[in-house]
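Residues in the sequence shown are numbered from 68 upward in steps of one, following the numbering used here. Ideal placement from N, C-alpha and C gives every residue a C-beta, glycine not left out.
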Amino acid sequence: MELFRFFIELSYNGKHYHGWQIQKKEDTVEKTLEYCLSKLLKTSLNVVGAGRTDSGVHAKQMFAHFDINRKITNSFLKKLNIFLPKDIKVLNIFPVKKHVHARFSAISRTYKYYLTYEKNPFFQDFSWYCFYPLDIQKMNTASEILKNYKNFSFFCKKKSDKKSKICNIYNAYWSIEKNNTCFCFTIEANRFLRNMVRSIIGTLVDVGRQKISINKFVEIIESKNQSNLNSSVVPAHGLFLTKILYPEDILL
């Protein structure tokens with residue numbers, strides 16, 4: 068029986084989930100999505116995501132794929148969103164070529180991190196309240212340096228299951244938003260290591276608050292020692308996966 072491959076585009080609030088990847092005893096986005104799809108389609112499905120967001124991290128755009136032996140109608144999208152919990156929304160479901168893989172076919176991924184230096188109870192779930200005075204110019208100087216390197220072992224959690232620590236960073240910069248009260252860090256790369264983004268941001272904040280120099284930042288990257296990831300890791304709730312790019316010819 069012929070199998071059809073479908074891509075799912077979705078967004079989610081990660082506050083109540085222990086990340087994307089399925090865990091036996093914890094609620095995760097992948098586990099929830101897979102359960103709802105299998106129930107509605109009345110068959111056991113395996114959902115494969117484009118990546119693994121950490122516990123508490125959000126996604127404005129995430130992709131996943133699954134295989135099934137029948138076509139999906141347009142009306143199914145509405146049924147699925149009614150069945151899913153309120154903090155997960157499927158934006159689109161569409162057929163792709165059989166060889167296309169949600170994770171391995173992706174060209175790049177973009178994350179954004181929001182921090183604010185003005186306390187606001189309405190932003191507390193989606194940005195980090197950072198009370199340190201920060202030098203955004205120095206942070207941008209350090210961010211530009213990231214593009215000169217490919218080995219990011221220092222920013223990878225010690226028990227990471229990724230053997231290769233090589234990543235190609237295409238963009239990395241800070242911008243000011245929300246009436247000069249919010250900083251946003253944008254980073255785009257072909258791939259990311261476990262905890263890499265939050266560790267990089269925490270170290271850049273150390274530069275911005277004058278805790279370490281630009282030269283020390285370079286030394287940290289060049290050391291290639293896997294980090295303990297302690298004080299320099301920023302909280303998860305300010306981080307969003309915002310964009311994943313694929314080749315233009317993936318559609319069936």
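- Look at residue 113 here: in three-state DSSP terms it is coil, with no helix or strand label.
- Your pair residue 267 and residue 182 does not check out as a contact, with CB atoms roughly 13 Å apart and the cut at 8 Å.
- Taking a C-beta distance under 7 Å as the contact criterion, residue 269 and residue 205 do not qualify as a contact pair.
- DSSP, reduced to helix, strand and coil, places residue 104 within a helical segment of the structure shown.
- Between residue 106 and residue 180, the alpha-carbon positions lie close to 35 Å from each other.
- When DSSP states are grouped into helix, strand and coil, residue 129 belongs to the strand group.
- When secondary structure is reduced to three states using DSSP, residue 255 falls in the strand class.
- Put simply, of 94, 166, 195, 87 the residue whose alpha carbon is nearest the alpha carbon of residue 70 is 166.
- A direct Cα-to-Cα measurement between residue 104 and residue 308 gives close to 22 Å.
- At least 7 Å separates the beta-carbon of residue 256 from that of residue 170.
- A straight-line Cα-Cα distance of about 14 Å links residue 136 and residue 163.
- Secondary structure at residue 214: coil, using DSSP grouped into helix, strand and coil.
- A residue is called buried when at least 16 other Cβ atoms come within 10 angstroms of its Cβ; residue 210 meets this threshold and is buried.
- For residue 115, the closest C-alpha among the options 121, 160, 97 is that of 97.
- Each of 120, 119, 277 was checked against the Cα of residue 200, and the nearest Cα belongs to 277.
- The closest CA to that of residue 132, considering only 188, 112, 302, 219, is found on 112.
- Annotation for residue 76: the continuous beta strand (DSSP E) segment containing it runs 71-79.
- In this chain, the beta strand (DSSP E) harbouring residue 159 covers 155-163.
- Annotation for residue 177: the continuous beta strand (DSSP E) segment containing it runs 175-183.
- The closest CA to that of residue 86, considering only 254, 150, 100, 74, is found on 100.
- The C-beta of residue 224 has 16 or more other C-beta atoms within 10 Å across all chains shown, which makes the residue buried.
- Closest by C-alpha distance to residue 291, out of 252, 221, 149, 155, is 221.
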